[in-house]
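Step one of this worksheet: look at the structure below.
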Amino acid sequence: MADPSRRSVRATYDRIGTHFAKTRAHPWPAVEAFLADRDPVERALDAGCGNGRHAELLAGIADTTICLDASLAMLATAAERGVGPLVAGDIARLPLGAGTIDLAVSIATVHHLPERSGRIAALDDLARVLAPEGRALVSVWSTAHDRFDASADDQSGMDTTVDWTLPDDTVVERFYHVYSPREFDRDLADAAVRVLDRFDEAGNCWAVIGPSDES
Amino acid sequence: MDEDLMDVIVCPLDKSELELSVEAREDDEIVDGTLTCTECGETYPIEEGIPNLLPPDMRDAE
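As you go down the protein sequences, you meet chains A and B in turn. Take the first sequence: its position 76, counted from the start at 1, is 76 in the UniProt record's numbering, and no numbers get skipped. Take the second sequence: its position 3, counted from the start at 1, is 3 in the UniProt record's numbering, and no numbers get skipped.
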């Protein structure tokens with residue numbers, strides 16, 4: 001297995017970024033559904049924006065859409081899409097002030113963090129930056145996905161790597177923690193977040209969260 | 001980087017305010033500069049208009 005440090009996950013996406021971005025052109029339906037009929041907001045965040053395919057949707061709702069990713073190569077592909085402002089950062093240690101974000105998405109990103117403490121920190125930090133009425137949609141890869149033999153009823157998920165083949169046939173391993181739906185429920189319960197919605201769809205676990213101190 | 005972003009960004013380590021030092025501007029955009037944490041003193045570069053607010057342990061490749 002590849003070295004599962006956070007730095008190496010970032011380095012992986014720096015390596016595959018340009019090629020990866022070309023294969024990820026369209027937003028996911030669950031994200032479109034979450035953002036449909038939203039009132040305009042001042043400031044949005046895409047935490048783990050990749051090539052900016054979801055930031056583009058946020059930009060239709062928010063005056064400003066901050067696009068954050070740990071990989072500068074991925075941010076360069078987001079820049080080509082014309083989204084931004086762009087910020088290089090770690091989702092488990094967000095460089096954003098508390099209560100500054102009205103609307104956020106973090107799609108297929110938290111599952112790249114190798115340690116449970118880091119994944120919970122990412123959920124905590126996403127809720128911390130949300131304004132009192134702010135909402136964030138989070139997705140992680142699920143053991144219910146067709147490509148895994150694991151049962152969706154498992155208590156725990158698993159660590160794995162998924163190969164990425166570059167055009168020159170170089171194979172790069174990407175680290176994933178694939179969640180079991182029950183495990184995602186537990187991590188949400190242990191994070192300082194308020195869970196407003198929770199569903200499993202298209203091989204991913206999804207949650208809509210708000211700030212923990214919301215009354 | 002648009003200077004308005006200073007209203008939102010903080011040090012990733014202690015979430016304190018950052019101080020901006022500009023080395024190059026193009027029109028209204030800051031293309032080159034440094035962000036310094038007013039609390040811990042850690043510095044973060046702005047390169048090609050993008051603030052790199054990765055914590056120091058994630059900044060450089062292996």
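We put the CB at the ideal spot given by N, CA and C, even for glycine. The structure displayed is predicted, hence computed values, not measured ones.
Secondary structure of residue i, DSSP reduced to three states
i                      : result
residue 224 of chain A : Summary: the structure shown does not reach residue 224 of chain A, with chain A confined to residues 1 through 215, and so no result is reported for it.
residue 126 of chain A : helix
residue 151 of chain A : coil
residue 143 of chain A : coil
residue 62 of chain B  : A caution first: residue 62 of chain B carries a pLDDT of 41, below 50, which makes its placement in the model unreliable, though a value can still be read off. Of the three classes helix, strand and coil, the one that applies to residue 62 of chain B here is coil, per DSSP.
residue 47 of chain B  : strand
residue 202 of chain A : coil
residue 215 of chain A : Only weak support is given to the placement of residue 215 of chain A: the predicted model assigns it a pLDDT of 46, under 50, and the value that follows is read from those uncertain coordinates. Here residue 215 of chain A sits in coil by DSSP.
residue 12 of chain A  : helix
residue 168 of chain A : coil
Residue i versus residue j - alpha carbon distance
i                      : j                      : result
residue 52 of chain A  : residue 40 of chain A  : 19 Å
residue 57 of chain B  : residue 8 of chain A   : 11 Å
residue 158 of chain A : residue 29 of chain A  : 26 Å
residue 185 of chain A : residue 207 of chain A : 9 Å
residue 174 of chain A : residue 155 of chain A : 23 Å
residue 191 of chain A : residue 27 of chain B  : 43 Å
residue 197 of chain A : residue 209 of chain A : 7 Å
residue 146 of chain A : residue 203 of chain A : 7 Å
residue 38 of chain B  : residue 171 of chain A : 43 Å
Continuous alpha helix (DSSP H) stretch holding residue i: start and end
i                      : result
residue 187 of chain A : 181-190
residue 1 of chain B   : Careful: residue 1 of chain B lies outside any alpha helix (DSSP H) and carries neither H nor E.
residue 35 of chain A  : 29-35
Neighbour list for residue i in chain A, Cβ cutoff strictly below 8 Å
i                     : result
residue 13 of chain B : 93
Neighbouring residues, chain A, relative to residue i (Cβ below 9 Å)
i                     : result
residue 22 of chain B : The contacting residues do not exist; residue 22 of chain B stays about 16 Å from chain A at best.
Boundaries of the beta strand (DSSP E) in which residue i is found, first to last residue
i                      : result
residue 11 of chain B  : First-last for residue 11 of chain B: undefined, no H or E at that position.
residue 174 of chain A : 171-178
Proximal chain B residues relative to residue i, where beta-carbon distance stays under 7 Å
i                     : result
residue 89 of chain A : 12, 53 and 54
residue 96 of chain A : 8, 9 and 10
Neighbour list for residue i in chain B, Cβ cutoff strictly below 9 Å
i                     : result
residue 86 of chain A : 1, 49, 50 and 51
Proximal chain B residues relative to residue i, where beta-carbon distance stays under 8 Å
i                      : result
residue 100 of chain A : 7 and 8
residue 70 of chain A  : 54 and 58
Tell me the start and end of each unbroken beta strand (DSSP E) in the UniProt domain "Methyltransferase type 11" (45-137) of chain A that is at least 3 residues and wholly inside, in chain order. 62-69, 86-88 and 101-107
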